[in-house]
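Peer 1: Pasting in a structure now, in structure tokens, and then I'll have a few things to ask.
In our numbering, the protein residues as written are 3 to 488.
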């Protein structure tokens, strides 16, 4: 019996429609296909299903390609566009019509809508009535010669029930009454989804179709088409859908979070890939991975659950922060070099100190944007103070005077060791006669202008002694001038 291990190497594909940004639900499908293909030694292919002429756009196509690149999901062959393969679909339809497995349908939109309304009134699913299925050959020929607008429909076989083995859901049976004769070519001569998918998957050599369970009925239609066209039927696997915390399916139309949104939020691409794969149970979240290749080796497709997965932005953010804080330092410095404007003092910092600085500071940041926001503490001479901070500092001048005196004994361009920083704080505590918050908080405010940020010991070891004195001295000067005016 075929399973994920015995059936490989798997040739999988991801086939989005370029009608909007890539949202997390579709990204998850792409990730699962990529990891499975890589693990089995197969191929991961990409196809853009751009046959919706009204909604497809080059901007959406570019956004999808960028998103996949950002995630590290690189296809193994050039991208296919369905809009460039219309001849293949027409050829398949001509074969089916020649064998009477397909027929022209002249029903108008108004007639089809009336049929849908009648079915709804009887609580029945929409299903083509078969109005044109038994049209005489002469009538069909005459209407075609008149070039009347028509679609082409697939003629269902008498026993249209479809049964197949799904690698995730097990045995699946779709009854004959689930759908009627379905459209292959629209009246504008563009292919339907089901026709294009079957022709393309067969032509591309896809042997595993891994996608969301909302495609189960489409799978039945497609199996019938595979048989009618004489193609080998691929293996199918339908995973549960990605839901929000309210139990609603994530989709582009419902405003689901997109991959560009993830980048704007500062999320790490490796974290997005790991999190979405882990929701299916196929990757652990305890361990962190250094690459998508490493994830592929750890990927367990047998753990893919049948049920739906619930997306938690908080969990994704927490995983992303872990990935960020353990990422390659040299890589992060390269990203900072690319992000920070050329004239910024960051670019003049000694390379060895940059490594030390980022290694220490990233423990107080969850993404690159937050890390960049901490850098002015070490690249700018002056500190900006809110009025509330100055009011608090006014009552803590003895602490600052003590620290200033202690730092006067150090060379301006020297830095304290951790032990030296601890000793300086103890001495300042003794001289000012304060402990705890009354000691630490005014020093933090004077050095950063903020209530939060890196640990005080970290600040004192990263800032040069001269810069510490400048910032402490600036505060003391403010109140010295104020007292003088009084």
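Heads up, the beta-carbon is just placed ideally off N, CA and C, and yes, glycines get one too.
1. If you run the structure through DSSP and keep just helix, strand and coil, what is residue 153?
2. Using the Cβ count rule (16 or more neighbours within 10 Å means buried), how would you classify residue 360?
3. Taking buried to mean at least 16 other C-beta atoms within 10 Å of its own C-beta, is residue 203 buried or exposed?
4. How would you label residue 3, buried or exposed, when you count the other beta carbons within 10 angstroms and need 16 or more for buried?
5. Just verifying my parser: in three-state terms, what is the DSSP assignment at residue 237?
6. Is the Cβ-Cβ distance between residue 451 and residue 367 less than 8 Å?
7. In terms of DSSP beta bridges, what is residue 66 paired with?
8. Would the region 303-310 and the region 322-333 be scored as touching if the rule is three or more Cβ pairs under 8 Å?
9. Do the CB positions of residue 241 and residue 212 come within less than 8 Å of each other?
10. With the cut-off set at 8 Å, would you say residue 127 and residue 226 are in Cβ contact?
11. Which residue's Cα is closest to the Cα of residue 398: 19, 296, 434, 169?
12. In three-state terms, what does DSSP make of residue 45?
13. Measure from the alpha carbon of residue 117 to the alpha carbon of each residue in 249, 182, 393, 188, then state which is nearest.
14. Any idea which residues DSSP pairs residue 13 with across the strands?
15. So, for residue 42: in the same chain, excluding its five sequence neighbours on each side, which residues have a beta-carbon less than 6 Å away from its beta-carbon?
16. Nearest by alpha-carbon distance to residue 38: which of 209, 466, 334 is it?
17. Helix, strand or coil for residue 431 per DSSP?
18. Give every residue of the same chain whose Cβ lies closer than 6 Å to the Cβ of residue 179, excluding the five residues on either side of it in the sequence, and list them in chain order.
19. Let me make sure I understand the geometry here. Which of 310, 478, 353, 165 has the alpha-carbon closest to that of residue 331?
20. If contact is defined by three or more beta carbon pairs under 8 Å, each pair taking one atom from either stretch, is the region 277-289 in contact with the region 88-95?
21. By DSSP, does residue 245 sit in helix, in strand, or in coil?
22. For residue 202, which of helix, strand or coil comes out of DSSP?
23. Give the straight-line distance between the Cα atoms of residue 61 and residue 25, rounded to the nearest whole angstrom.
24. Let me know the secondary structure DSSP gives residue 460 once reduced to three states.
25. Compute the beta-carbon to beta-carbon distance between residue 35 and residue 15, rounded to the nearest angstrom, for a pair I have assumed lies under 8 Å.
26. Who pairs with residue 168 in a beta bridge, going by DSSP?
27. If we count Cβ pairs, one from each stretch, closer than 8 Å, do we get three or more for the region 162-175 versus the region 218-232?
28. Suppose the cutoff is 7 Å on Cβ atoms and the five residues either side in sequence are ignored; what does the same chain contact list for residue 53 look like?
29. Would residue 122 be called buried (16 or more neighbouring beta carbons within 10 Å of its own) or exposed?
30. Can you pull the DSSP bridge partners for residue 251?
31. Does DSSP classify residue 378 as helix, strand or coil?
32. If you count every other CB in all the chains shown that lies within 10 Å of the CB of residue 470, and 16 or more means buried, which is it?
33. Taking 8 Å as the CB-CB cut-off, is residue 432 touching chain D?
34. Straight-line CA distance for residue 395 to residue 447?
35. Return the residue from the list 266, 378, 370, 365 that minimises the CA-CA distance to residue 336.
36. Going by DSSP, what residues sit across from residue 107 in a beta bridge?
Peer 2: Taking the geometry as given:
1. strand
2. buried
3. buried
4. exposed
5. strand
6. no
7. In DSSP, residue 66 forms no bridge with anything.
8. no
9. yes
10. no
11. 434
12. strand
13. 182
14. 45
15. 10, 11, 12
16. 209
17. helix
18. none
19. 353
20. no
21. strand
22. helix
23. 15 Å
24. helix
25. 7 Å
26. 172, 238
27. yes
28. 84, 85, 192, 193, 198
29. exposed
30. 245
31. helix
32. buried
33. In the displayed structure, chain D is absent; only one protein chain is listed.
34. 8 Å
35. 370
36. 153
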